[in-house]
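Remarks on the structure that follows.
Chains as they are written, first to last, in our numbering: chain F, 1 to 229; chain W, 1001 to 1229.
The structure is reproduced here in structure tokens:
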């Protein structure tokens, strides 16, 4: 399955799909930036606040890169972001952390699932677009501080494990629910994934494989936090 | 009045003052980052949210610069920040905006007063420290988008002018109140300004002049927003 950069000019349906992809990524990064920075206020001290803030600041940098790419395609970034803003705001509204531990589990799990998903999607787009998607997904390592913090909190108070495991499941549940909402309304993005108008297609079996890989990576991440998946 | 970089090693009281100055700036930038980014959620659309987020992201960059400078002085940045965290958190807690307009007035007015103050303080420190302080205060221009937004909102609904003018006064009142609290408890920073142990001193008349300049610049900024100072 190959897509070429030329398709961005010769194939309007492919072009619309890529604009959707960059738009959802851009608004995702902008909202992740705002929410992570604001969750940093839950930190027990400036050291922990600075770690989450650093992660947030790098999301803002990605937002700028994606906006510039959309502009270079002749698209107003905010027009491209607009169709996805409500679903992503709803995700964050439904998953506002009530304390610092919930905040960092959300940063770790949410960033992880999103990164896995977009890295998979990168396989279905032209090399230039793929390189940008991989780049904005590249510093997942920034959330690693969560692992140590969650593990030692659960060690000190084992009762936390149940609540945080439930929280992790709720995060993924809300993400899937909003993703389904987007899928139902954004044809260009879905066509990009299903390849409706092209033989450069991932088929349904591939999509199922993709979802399995994402789910199992999520389980592995919960395990690293010391929590049931 | 001159201070030399050498005093950072030869004059423990001056060194303690500079560490306090960098510490209060660092925690101020970190909290401003978190609060601006979180206030971006009040924006009417992604365009406005992106403008405030850009301002927040640059505050995070300043935080990193200040932390690195403290480390190069052999100081843990978080130890230097700690004495100021409570007062600054209290300022933000007392001035949480209830809507987008209050948020951008706060960004514009708060950033303006802080920048004026630290630029004045830069006159009392060695050239290297001064250059860093001026640099982290250099992109006040980022808040300029607030001017247009506030003016056109007040034009559309003139009743807003009274509420926002009151809000501006409250912001400065809370800032002064927290600054007094800091002044009462942080001798090294005050000694830096009053020059207690040195003849490189601003005297009390100079301090009064500084406060007058800051107050009148604040009035001018409120005027630019179309609000009574």
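Using N, Cα and C, we set each Cβ at its ideal position, and we do this for glycine too.
Asked                                                                                                                                                                          : Found
Would the beta-carbon of residue 1268(W) fall within 9 Å of that of residue 1112(W)?                                                                                           : There is simply no residue 1268(W) to check, as chain W begins at 1001 and stops at 1229 in what is shown.
So, are the CB atoms of residue 53(F) and residue 40(F) less than 9 Å apart?                                                                                                   : yes
What are the boundary residues of the alpha helix (DSSP H) that includes residue 1138(W)?                                                                                      : Unbroken run through residue 1138(W): none, as it is neither H nor E.
Within 10 Å of its beta-carbon, does residue 1010(W) have 16 or more other beta-carbons around it, so buried, or fewer, so exposed?                                            : exposed
For residue 1018(W), which option in 1044(W), 1074(W) and 1058(W) has the closest C-alpha, if you only look at C-alpha atoms?                                                  : 1074(W)
Between which residues of its own chain and residue 1224(W) is the CB-CB distance below 6 Å, once the five residues before and five after are set aside?                       : 1147
Going by the CB atoms, is the gap between residue 1186(W) and residue 1006(W) shorter than 9 Å?                                                                                : no
How big is the Cα-Cα spacing for residue 87(F) and residue 105(F)?                                                                                                             : 21 Å
Would you please verify whether the beta carbon of residue 1110(W) is less than 9 Å from any beta carbon of chain F?                                                           : no
Contact defined as beta carbons within less than 8 Å: I believe residue 1026(W) pairs with residue 1066(W). What is the distance between those atoms, to the nearest angstrom? : 4 Å
At a Cβ threshold of 9 Å, is residue 33(F) touching chain W?                                                                                                                   : yes
Say whether chain F places a C-beta atom closer than 9 Å to the C-beta of residue 1087(W).                                                                                     : no
Look up residue 227(F) in the DSSP assignment and say whether it is helix, strand or coil.                                                                                     : coil
Check each candidate in 110(F), 29(F) and 109(F) and name the one with the smallest Cα separation from residue 81(F).                                                          : 29(F)
Sort 165(F), 163(F), 207(F) and 46(F) by Cα distance to residue 1083(W) and report the nearest one.                                                                            : 46(F)
Hey, residue 76(F) and residue 214(F) are a contact pair by Cβ (cut 8 Å); roughly how many whole angstroms apart?                                                              : That belief does not hold up - the Cβ atoms of residue 76(F) and residue 214(F) are roughly 31 Å apart, past 8 Å.
List, in chain order, every chain W residue whose beta-carbon is nearer than 9 Å to that of residue 56(F).                                                                     : 1033, 1034, 1037, 1056, 1057 and 1060
Terminal residues of the continuous alpha helix (DSSP H) containing residue 45(F)?                                                                                             : Counting along the chain, residue 45(F) falls outside any alpha helix (DSSP H), and DSSP gives it neither H nor E.
Do residue 178(F) and residue 1049(W) have their C-beta atoms within less than 9 Å of each other?                                                                              : no
Start and end of the alpha helix (DSSP H) containing residue 16(F)?                                                                                                            : 12-39
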